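As they're listed, the protein sequences go chains A and B.
Take -11 as the starting number for the first sequence in the working numbering and just add one per residue.
Take 22 as the starting number for the second sequence in the working numbering and just add one per residue.
For glycine and all other residues, C-beta sits at the position ideal for the given N, C-alpha and C.
Since we're looking at a predicted model, the values are computed, not measured.
What follows is a single structure, written as structure tokens, with notes after it.
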Amino acid sequence: MTDVAVEVASLSKWFGTFLALDDVSLRVPRGCSTVLCGPSGSGKSTLLRCLNGLETWQEGEVRIAGTRVRSRPGDLVALRRRVGMVFQSFHLFPHLDVLANVSLPPRINLRLPRAEAEDRAHRLLAEVGMAELARMFPAQLSGGQKQRVAIARALAMEPQVLLFDEPTSALDPESVGEVLDVMTQLAEHGRTMVVVTHEMGFARRVCHEVVFLSDGRIVECAPADRFFSDPASDRARTFLGQVCR
Amino acid sequence: MKTHVPDVGRGHRLVRGLGSRRSASSLLAWAVALVAAGITLPDIVGWALVDATWVAEDRAGCDPAGACWAFVVNRLPQFAFGFYPPEERWRAAVALAWPLVSLAIALGPGFRRRAAVVAAALAFYPPVAGLLLLGGLLGLPRVPTSQWGGMTMTVFVGTVAFVAAFPIGLGLALARRSSLPALRLLGTGFIEIWRGLPLIAVLFIAVVMVPLALPPGTELPRLVLALVGITLYTSSYLAEVFRGGLQSLGAGQGEAASALGFTYWSAQRYVVVPQALMAVVPGILNTVVALFKDTTYVLVVGLFDFLSIVSAAVADPRWLGLATEGYVFVGLVYWAFCFLLSRVSARIERDIGRGRERGRSA
Ligand SMILES: Nc1ncnc2c1ncn2[C@@H]1O[C@H](COP(=O)(O)OP(=O)(O)O)[C@@H](O)[C@H]1O
Ligand SMILES: [Mg+2]
């Protein structure tokens, strides 16, 4: 076991001829939460999706808990069972109720017996404050409720790393807080998280490290306190000026 | 906050409604329909019911003023079972009733796991009903496929072709959307070839040309060859219906399943395909109705389905000149069956809708 949960070394990725990630290197220690920020189109989602193999890349290397991610289908499936992901637009399974959304992945992918998977789902739903709504269908939930179920669903696989891609960007302002509260709680319990977000207040309060991307390159990588109080690069300063108003 | 809506009153709304142009045209339509019914219905009812003869030995025993249903009544066993040996007819009756009972269960009162029960009943139908009709084991005398026929043949061919075409169509739809170019090409090619041929041509190819390609000496019954042809033909139509359902999902569902560690196959099984199928229930049932009616084409390769056995009976000298009765009966039976299918479709759609609603009250 290593203390580095995620390690990215000299990663480059092209979409056709467009260079989306340019020689990106990154380390996330276990138990730390890291924020990925940067202007729209800077490659945040792409980088995040490389970490669980939803995207392939051309150069460089990704290691999760010391194991190299290679794009062989069997390896990828094994990897994704150890890396959870929460999407901007939830992607809950609309044909299943909340309980089944959370209990299906461990039941099928970890071969847990149904009763055990449902126990786990009930426990996680209670953790995100959704215990009462276990029998609802996704279409009946508000955005914030959906995202909390999506977080519980990702946790049901007991992942070593949690990835969030703008988890609050599709939410109405009242719902943002309830999702950020859940994420704060996770970070405080020592979850390893990589979070793409524009919620700079959350980043500053909760996360340990900030990685600032621009045009597919890491421009700045610093402890959260320092990044917000004294950004080293002009581009980060401009960005913070825009995002924090 | 609740706003108070003043009670306008039902009668008021009704009067306003009647005054609108929509109601005027609807009244007109009703009037036309009633007049048309008034002109035609007495004649039809008089012929079909009032003056009809239900029991007679032959044509001469029928009242010429009305329908001679005695013909249909007399020939009913043959219409139902073809030339299946009379003492073995219970086997044909089981094969005929099985799919109908499955549909009735689908339409009847709901119970836990009803969908699974109906699916299992249909999945086991082809091998079990096939062996039951064919016999030659478990002490059942062998009945060659050339003696099968009538409604049993129609229902058997339709059900077997549907049950076999369903998984093939699903496989083709998945192949057509695969990320592997060779598989995609194969799926697309197969679908386009079979969909591009008229069913009659498919049947001729199956019955006339396939035996030429088989090693000499192998002999397959025409029914088997026709079944293979109809199955492949139907599977290409179903594949396109399924593909529509798969496309309605968008990439997010598949990605979410991948990100949770589902393998390709388990993602399809638990996440993608159930949603895709629910989205295209009307399209699937539409294909089944078309398939059921298309089974009449097996007559061109010498199989006696329901329609062709009635046609043959109409030429019987003892009942000459009763084509109207024969074909009206055929039409009613086909119509009833297709209507049953469309009720099943509506029922499934309603159940899916209610599934989405469930918990709203909880
Ligand atoms: N599938 C794709 N094909 C081509 N270009 C893409 C694709 N996905 C993303 N890109 C491009 O890569 C760049 C980075 O995208 P993304 O990672 O989504 O940015 P961010 O999440 O930071 O807004 C963008 O310029 C985008 O247009
Ligand atoms: Mg993005």
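Coarse secondary structure for residue i, derived from DSSP in three states
i	result
F6(A)	strand
G72(A)	strand
T44(A)	coil
M181(A)	strand
T55(A)	strand
V249(B)	helix
E109(B)	helix
S363(B)	helix
D(-9)(A)	coil
C38(A)	helix
R134(B)	coil
E146(A)	coil
D169(A)	helix
T284(B)	coil
V301(B)	coil
A202(A)	It should be pointed out that residue 202(A) corresponds to Ser in this sequence rather than to Ala. Of the three classes helix, strand and coil, the one that applies to S202(A) here is strand, per DSSP.
F325(B)	coil
D160(A)	coil
A127(A)	helix
E49(A)	strand
F104(B)	coil
T74(B)	strand
L98(A)	coil
C-beta neighbour in chain B for residue i, strict 7 Å
i	result
P17(A)	no
V116(A)	no
M171(A)	no
M145(A)	yes
N97(A)	yes
F81(A)	yes
P101(A)	no
is_contact[residue i, chain A] using C-beta, thresh 7 Å
i	result
V292(B)	yes
P202(B)	no
Inter-residue spacing [alpha-carbon to alpha-carbon] between residue i and residue j
i	j	result
V93(B)	D326(B)	16 Å
G4(A)	V86(A)	39 Å
A53(A)	A88(A)	29 Å
L159(A)	S33(A)	18 Å
G265(B)	Q230(A)	44 Å
Q268(B)	L195(B)	11 Å
M299(B)	L306(B)	12 Å
G238(B)	R110(B)	32 Å
L42(A)	A367(B)	39 Å
E261(B)	G190(B)	8 Å
V229(B)	L320(B)	14 Å
E240(B)	F78(A)	57 Å
S257(B)	V223(B)	12 Å
S0(A)	H196(A)	25 Å
S123(B)	G26(A)	59 Å
G103(B)	S332(B)	12 Å
D79(B)	W356(B)	27 Å
W90(B)	M174(B)	23 Å
M118(A)	S130(A)	12 Å
E166(A)	R141(A)	17 Å
P219(B)	C83(B)	42 Å
A203(B)	F211(B)	12 Å
V65(A)	A142(B)	35 Å
Per-residue contacts from residue i into chain B (C-beta, under 8 Å)
i	result
P211(A)	The premise fails here: P211(A) is roughly 29 Å from chain B at the closest Cβ pair, so nothing lies under 8 Å.
C77(A)	Cys is not the amino acid found at residue 77(A); the sequence shown has Ser there. Those within 8 Å of S77(A) in chain B are G273.
P93(A)	L281, G282 and F283
9 Å Cβ cut-off: residues of chain A touching residue i
i	result
F100(B)	Going along chain A, no residue has its Cβ under 9 Å from F100(B), so there is no contact; the nearest lies around 43 Å.
Chain-ordered chain A contacts of residue i [CB-CB under 8 Å]
i	result
S287(B)	I96 and N97
*Please name the residues in the stretch 257 to 280 of chain B whose beta-carbon is closer than 7 Å to at least one beta-carbon of chain A, in chain order.*
G273, Q274, E276, A277, S279 and A280
Next on the checklist: Short of 8 Å Cβ to Cβ, which residues in the stretch 125 to 142 of chain A face chain B?
Outcome noted: F125, A127, Q128, R141 and A142
Return the residues of the stretch 48 to 75 of chain A that lie within a Cβ-Cβ distance of less than 7 Å from chain B, sorted by chain order. V65, R68, R69, M73 and F75
Going along the chain, which residues of the stretch 33 to 45 of chain A sit with their C-beta nearer than 7 Å to a C-beta in chain B?
-> N40 and L42
| If you measure beta-carbon to beta-carbon, which residues of the stretch 294 to 315 of chain B are closer than 8 Å to chain A? | P295, Q296 and M299
- Task: Check distances from the C-beta atoms of the stretch 166 to 191 of chain B to those of chain A and list, in chain order, the residues that come in under 9 Å.
- Result: none
**Message:** What are the residues in the stretch 77 to 92 of chain B lying within 8 Å of chain A by C-beta distance?
**Reply:** none
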